[in-house]
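S.K.: Chains as they are written, first to last, in this note's numbering: chain L, 1144 to 1751; chain W, -6 to 365.
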């Protein structure tokens, strides 16, 4: 009996130890056993164009997942799935690879996205044969106008290892997709929203039984872009079959109306994960569809810089509006026998600034460049945004190159030669700029020096995106503000004058338009391009460029466009005209009924 | 004086004595079984089926107890050698043709008629045969007697251990040892056997199955494999510990209701009690067991002859070993061996055997007049 009592006391002691002394430890352990915090991912904000047309939406789709640990015989189950879904046999390998992807036990691995209705139905019928397999509903990003909008919007894709490093992992718990490029990338924080949580009670097998607590997620904010999808679509259509880019900006607001880069690509493919074959095809495409020419393509701005060169000359006092230069068809530096040619071999004769712009005379601007010198030239062009990335929210926008003596020394370790200044003076040589920069400069020119940083977002949620923007470059104030008008006259002449380089555009033009053509020489092949005789000939052709803004006294759109290897500028200018027509004609009609001030233009429209 | 009390007792408890039933013990057993069913209802996930099935078993078990109580001890003593040989034969049969359950061969089945574990019966027959043998000898037992006892004990214990069923074989062995101890073994000999047992431990280890070794290792360090072998013991300790002083309330135990606790209606049922009723509930349970054992020992002490006293004492002490081993294992004091909590854990054979044991105890107690 004594022994019995002693042994019972041992038990009691043990129980007191567990239930009283160590109670706290065990109550915590039992709570962490049963309670699980599950993230509730927020819905991603939608993206609209300026007319509230949806550009990016979330569509419910169905994914096939498998929990390996629950499948009785994994290989057999996968074989069966391929059979049920009517897939080709090579999918089995893909499935096997995907079924192994995640190492945490009891976590579903994604086998296949975007199941069709028929596939969901046959899975439901065969469910009893497929332990561990389930169909999960998920909202998936969808871009209705994916190809034309590809370079504006970018896309979302699965969160990768490198994404994880820059993301707040707690806010992305439960989120599978993240913006990879474009607007989706730049406005990731706004679009994503804030994660919610719910605390659920689970049983030992991890199944959620009831909800104990809930913090709802905050959906991402909707984004309204300044982009006009009609204008964008037109731009894409006009460049289809060509490699090129168009950027159109409203100079009064800085809003980017269109930002086209061709060829585009179907961004929807990237959302669910593009298969490697299609991806390689895109990468190996000589036309580089994945390359956003509008903001990353760096081209010599060529003759489109002549209005800015004129202003640089005037502002620095190296020319006056009346200064004339005799053009024999070439320019020679003092003490140098080398001839820097005008595009017209026999020359334009005597030219002043206005005519130099009109006929795009090179000799005149060689002279201006030589008189300015590279330092003053470079400094002035930086004020128009060359060599700078001034856009507010354009993902991946490049700054181009605005060469200078310092730049060359830093880059090549060599001194600057005066002849190089001449090339820069006609927008060639080391000078490189993106179509976005060219459009921005045109927009600043249209605004007579007033800077508004170009941007894509019009509204974030209910908040208007409006100037003043931080870090806006200082407005350009000339010593004589009339110089703006003189340059504008020259640019109007480009279209209206009989010898203007874009005179073909004057036919039926219903508004005043300032424009400048350009032809950029192509010197070398890109490094990764394959050699191909017929291809080569095409690829050695000049790039065709065009910048414009209209109407001249009340600019509502400024545009820059480039067609790679487009040959002469005769190809680029008509496309620019069509873009301006698309944007302005409707609006001028409307403006007419509201304000009789533009009656002149309206009459022209009704005559037509 | 003595005459007087017994007359009064006879008048008060006349019916009980006549039916060979001890009212106190029966009451305590009913209390234990009743509360056990309550815990089972919660542990089984509010399954009425489990409780009903278990109630039926207890009805049968009480019936067995009542029937066994009718058999006079000397009748049992005469029957023992036959029973013993029969069960040993059955154990051999199990070894040859028994059906499997959980990787061990324990069951003997006559298809469509009955399915039972001969090893369970041995829990009663073992102390009976030893007690029967020793009661014929001079006490305390000499070396020859001990040798015979060891032989009688060793054969079935080895067969059961081979099934393998370590828990039962240890219980059977201990029931035999209790008889020998009660027969008056000198402390020097007890010490000698203890040392011998310790020395035999490595031998035991070498003969253990993989899962048995694993259980012992897990007992020594449950955290080494928290999701595998250590799971049971971690979860049961968590259940008991989180119950605290007063528990989480009936059917409110998260560990058991959410199925974290394994085997919660069988071997680990006491963890459910600990979680839902806390230390208070556990103390009440232990008190209940203590009263049963105290009553049992008292009754054993009143046995009419040596056979009865030895057998009754051994039965009640084995019952206690059950309680101690089960609670000790669930609370992490002892390694996990498959020993159910007597009269509370879900399961049929064990309850019937235990109640049969109590029947024998009552028989020994109530037949003391007629044999003396």
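Note that the Cβ used here is the ideal one computed from N, Cα and C, for glycine as well.
Checking the sheet assignment: what are the DSSP bridge partners for residue 1255/L?
M.R.: Locating residue 1255/L in the first chain gives position 112, where the first residue counts as 1. According to DSSP, residue 1255/L bridges with 1207/L.
S.K.: What are the uninterrupted segments assigned as beta strand (DSSP E) that are 3 or more residues long and contained completely in the region 31 to 96 of chain W, given in chain order?
M.R.: DSSP runs (the beta strand (DSSP E)) wholly in the region 31 to 96 of chain W: 92 to 94.
S.K.: Taking Cβ-Cβ distances below 7 Å as the criterion, which residues of the region 1172 to 1201 of chain L are in contact with chain W?
M.R.: Per Cβ criterion, the list reads 1172, 1173, 1176 and 1177.
S.K.: Roughly how many angstroms separate the alpha carbons of residue 239/W and residue 274/W, rounded to a whole number?
M.R.: One-based indexing of the second chain puts residue 239/W at position 246. One-based indexing of the second chain puts residue 274/W at position 281. Distance between the alpha carbons of residue 239/W and residue 274/W: 7 Å.
S.K.: Whose C-beta lies closer than 6 Å to the C-beta of residue 1320/L among residues of the same chain, with five residues either side of it excluded?
M.R.: Residue numbering aside, residue 1320/L sits at position 177 when the first chain is read from its first letter. Excluding positions up to five away in sequence, the list reads 1299.
S.K.: Quick one: give me the first and last residue of the alpha helix (DSSP H) that residue 342/W is part of.
M.R.: Here residue 342/W is taken as the residue at index 349 of the second chain, counted from 1. Residue 342/W -> alpha helix (DSSP H) spans 342 to 359.
S.K.: Threshold first: 4 residues or longer. Then list the alpha helix (DSSP H) segments lying entirely within the region 218 to 299 of chain W, N to C.
M.R.: 224 to 236, 247 to 250 and 262 to 294, all fully within the region 218 to 299 of chain W.
S.K.: Would a check of beta-carbon distances place residue 1344/L closer than 9 Å to chain W?
M.R.: Numbered from its first residue, the first chain carries residue 1344/L at position 201. Chain W contact via Cβ: present.
S.K.: Determine whether the beta carbon atoms of residue 1584/L and residue 1703/L lie at a separation below 9 Å.
M.R.: Residue mapping note: residue 1584/L aligns to position 441 of the first chain, counting from 1. Residue mapping note: residue 1703/L aligns to position 560 of the first chain, counting from 1. Cβ atoms of residue 1584/L and residue 1703/L: closer than 9 Å.
S.K.: With DSSP as the reference, identify every bridge partner of residue 1662/L, one or two as the case may be.
M.R.: Your numbering for residue 1662/L matches position 519 in the first chain. Its beta-bridge partners are 1687/L.
S.K.: Who are the Cβ neighbours of residue 1509/L in its own chain at under 6 Å, not counting the five residues just before and after it?
M.R.: Against the first chain, residue 1509/L aligns to sequence position 366. Excluding sequence neighbours, residue 1509/L sits near 1474, 1483, 1565 and 1568.
S.K.: The region 313 to 344 of chain W: which residues have C-beta closer than 7 Å to a C-beta of chain L, in chain order?
M.R.: Residues 313, 317, 320, 321, 324 and 326.
S.K.: Identify, in the order they occur along the chain, each residue of the same chain with its Cβ nearer than 8 Å to the Cβ of residue 1270/L, setting aside the five sequence neighbours on each side.
M.R.: By one-based count along the first chain, residue 1270/L stands at place 127. Once the five neighbours on either side are set aside, the close Cβ partners of residue 1270/L are 1276.
S.K.: Mind checking whether residue 1458/L and residue 1621/L have CB atoms under 9 Å apart?
M.R.: Counted from its first residue, the first chain places residue 1458/L at position 315. Counted from its first residue, the first chain places residue 1621/L at position 478. Yes, they are a contact pair.
S.K.: Closer than 7 Å by C-beta to residue 308/W: which residues in its own chain qualify, once you throw out the five before and the five after it? Chain order, please.
M.R.: Position 315 of the second chain, counted from the start, is the residue given in the question as residue 308/W. Hits under 7 Å: 120, 350, 353 and 354.
S.K.: Whose Cβ in chain L lies nearer than 9 Å to the Cβ of residue 275/W?
M.R.: Here residue 275/W is taken as the residue at index 282 of the second chain, counted from 1. Ordered by position in chain L, the residues that pass the 9 Å Cβ test against residue 275/W are 1154, 1155, 1158 and 1162.
S.K.: Closer than 9 Å, CB to CB, is residue 251/W near chain L or not?
M.R.: For the purposes of this step, residue 251/W is taken as the residue at position 258 of the second chain. Closer than 9 Å to some Cβ of chain L, the Cβ of residue 251/W qualifies, so yes.
S.K.: I need the straight-line Cα distance from residue 1619/L to residue 1255/L, nearest angstrom please.
M.R.: Taking the first chain and counting its residues from 1, one reaches residue 1619/L at position 476. Taking the first chain and counting its residues from 1, one reaches residue 1255/L at position 112. So the two alpha carbons sit approximately 56 Å from each other.
S.K.: For a contact meaning CB atoms closer than 8 Å, what does residue 1149/L contact in chain W?
M.R.: Against the first chain, residue 1149/L aligns to sequence position 6. Here the premise fails: no neighbours, minimum Cβ distance about 11 Å.
S.K.: Do you know how far the Cα of residue 1557/L is from the Cα of residue 1727/L?
M.R.: Reading the first chain from its first residue, position 584 is the one you call residue 1727/L. Reading the first chain from its first residue, position 414 is the one you call residue 1557/L. Each residue's Cα considered, the two are about 48 Å apart.
S.K.: In or out: residue 202/W buried (at least 16 other Cβ within 10 Å) or exposed?
M.R.: Stepping through the second chain from its first residue, residue 202/W is reached at position 209. Flag for residue 202/W reads exposed.
S.K.: Can a CB atom of chain W be found closer than 9 Å to the CB of residue 1169/L?
M.R.: The sequence position of residue 1169/L within the first chain is 26, counting from 1. Closer than 9 Å: yes.
S.K.: Does the beta-carbon of residue 1424/L have 16 or more other beta-carbons within 10 angstroms, so that it is buried, or is it exposed?
M.R.: Here residue 1424/L refers to the residue found at position 281 of the first chain. Looking at its Cβ environment, which holds fewer than 16 other Cβ atoms inside 10 Å, residue 1424/L is exposed.
S.K.: Who are the Cβ neighbours of residue 311/W in its own chain at under 8 Å, not counting the five residues just before and after it?
M.R.: Along the second chain, one-based indexing puts residue 311/W at 318. Closer than 8 Å at the Cβ level, and outside the excluded window around residue 311/W, lie 116, 120, 164, 167, 168, 171 and 350.
S.K.: Suppose you measure from the CA of residue 359/W to the CA of residue 1160/L; what does that come to, to the nearest Å?
M.R.: To locate residue 359/W, count along the second chain from 1; it is residue 366. To locate residue 1160/L, count along the first chain from 1; it is residue 17. Going from the Cα of residue 359/W to the Cα of residue 1160/L covers about 42 Å.
S.K.: Jot down the residue ranges of each uninterrupted alpha helix (DSSP H) in the region 1411 to 1448 of chain L, minimum 4 residues, whole runs only, in chain order.
M.R.: Correct list: 1411 to 1414, 1419 to 1427 and 1436 to 1439.
S.K.: By alpha-carbon positions, which one of 345/W, 306/W, 207/W and 338/W ends up nearest to residue 177/W?
M.R.: Residue numbering aside, residue 177/W sits at position 184 when the second chain is read from its first letter. Residue 177/W has its Cα closest to that of 306/W, out of 345/W, 306/W, 207/W and 338/W.
S.K.: Any C-beta of chain L within less than 9 Å: which residues of the region 58 to 76 of chain W qualify?
M.R.: Hits within the stretch: zero.
S.K.: In chain W, what lies closer than 8 Å to residue 1165/L by C-beta?
M.R.: Your numbering for residue 1165/L matches position 22 in the first chain. Ordered by position in chain W, the residues that pass the 8 Å Cβ test against residue 1165/L are 234.
S.K.: Given that residue 272/W touches chain L, what residues does it touch there, using C-beta distances under 7 Å?
M.R.: On the second chain, position 279 is the one that residue 272/W refers to. Neighbours of residue 272/W on chain L, chain order: 1158, 1159, 1162 and 1163.
S.K.: Among 1534/L, 1216/L and 1660/L, whose alpha-carbon lies nearest the alpha-carbon of residue 1598/L?
M.R.: On the first chain, residue 1598/L is found 455 positions in, with the first residue counted as 1. Comparing Cα-Cα distances from residue 1598/L to each of 1534/L, 1216/L and 1660/L, the minimum goes to 1534/L.
S.K.: Name the one or two DSSP bridge partners that residue 1639/L has.
M.R.: Here residue 1639/L refers to the residue found at position 496 of the first chain. Paired residues: none, contrary to the question.
S.K.: Counting contacts by CB-CB distance shorter than 9 Å, is residue 1145/L in contact with chain W?
M.R.: If you number the first chain from 1, residue 1145/L lands on position 2. Closer than 9 Å: no.
S.K.: Excluding the 5 residues flanking residue 1492/L on each side, which residues of the same chain have their C-beta closer than 8 Å to its C-beta?
M.R.: The count along the first chain starts at 1 and reaches residue 1492/L at position 349. Here the set comprises 1469 and 1470.
S.K.: Just how far apart, CA to CA, sit residue 87/W and residue 276/W?
M.R.: For this step, residue 87/W is matched to residue 94 along the second chain. For this step, residue 276/W is matched to residue 283 along the second chain. Approximately 40 Å, taken between the alpha carbons.
S.K.: So what's residue 122/W in DSSP terms, helix, strand or just coil?
M.R.: Along the second chain, read from residue 1 onward, the residue named residue 122/W stands at position 129. Here residue 122/W sits in helix by DSSP.
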